[in-house]
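Residue numbers (our numbering): 7 to 226.
Beta carbons are placed, not taken as given, at the ideal position from N, Cα and C, and that holds for glycine.
A quick write-up on the structure given underneath.
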């Protein structure tokens, strides 16, 4: 069986030198990169980048922090869902989606966040696409919600929550993607120690920084 290196979670649209990022990844053996959208304005840009580069695969969705970053997101949701449906053949997953009760402090935004999450999960179910999840500070709610939907594959990116959900996730067949922070982060190391290699994936989450260095796919 041929094995290749894939960065399963990268915000490729945020780099200034995309061609260089792709080339550097290819030079060290990272052959595929999943470009993950977050905001309403990033959906079409991610599609454009994927269309121009054979190494890039698009994942579209609404990041849970968008509820505090974009006051119009509730009204934009229908058009974003239609865009995703229209481009089903051009995307590989729905994401980055999920819940965040860590960086989003305003509890009044949580119901809207949950509504968007449910709509994204329903969309993934209808389109029979995997999901790329964000769970920061809301792990229990996310894990309680997921069984209500039939999703082909579930990846939880950069998990940092309670250890008990790692076992539950593995038992359910979920995947967990780890970042270059494995070199120094006890949180990431905990994931590696508690998840068998068959359920571990690699991600850069670029361009987030690691020890001051910009994260890129080449680091996975």
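Of the residues the options, which one's Cα is nearest the Cα of residue i?
i           : options              : result
residue 208 : 221, 89, 202 and 186 : 186
residue 54  : 64, 45 and 164       : 64
residue 225 : 21, 24 and 35        : 35
residue 45  : 33, 13, 80 and 24    : 80
residue 84  : 113, 70, 129 and 56  : 129
residue 168 : 142, 109 and 113     : 142
residue 204 : 211, 192 and 178     : 178
residue 69  : 223, 57, 17 and 33   : 17
Within the same chain, show all residues whose beta-carbon is closer than 6 Å to that of residue i, passing over the 5 residues directly before and after it, in chain order.
i          : result
residue 99 : 65, 135, 136 and 138
If you run the structure through DSSP and keep just helix, strand and coil, what is residue i?
i           : result
residue 116 : helix
residue 110 : coil
residue 10  : coil
residue 197 : helix
Where does the unbroken alpha helix (DSSP H) through residue i begin, and where does it stop?
i           : result
residue 63  : From DSSP, residue 63 is part of no alpha helix (DSSP H) but of the beta strand (DSSP E) over 62-66.
residue 138 : Premise fails: residue 138 lies in the beta strand (DSSP E), 137-140, not in any alpha helix (DSSP H).
residue 86  : 79-92
residue 151 : 145-151
Beta-carbon within less than 7 Å of residue i's beta-carbon, same chain only, minus the 5 sequence neighbours each way: which residues are those?
i           : result
residue 174 : 149
Just curious, the beta strand (DSSP E) that residue i is in, first and last residue?
i           : result
residue 206 : 206-208
residue 102 : 97-104
4-residue-minimum alpha helix (DSSP H) runs that sit fully inside the region 156-182, ordered along the chain: 170-178
Inside the region 17-69 only - alpha helix (DSSP H) runs reaching at least 4 residues: 24-33 and 48-58
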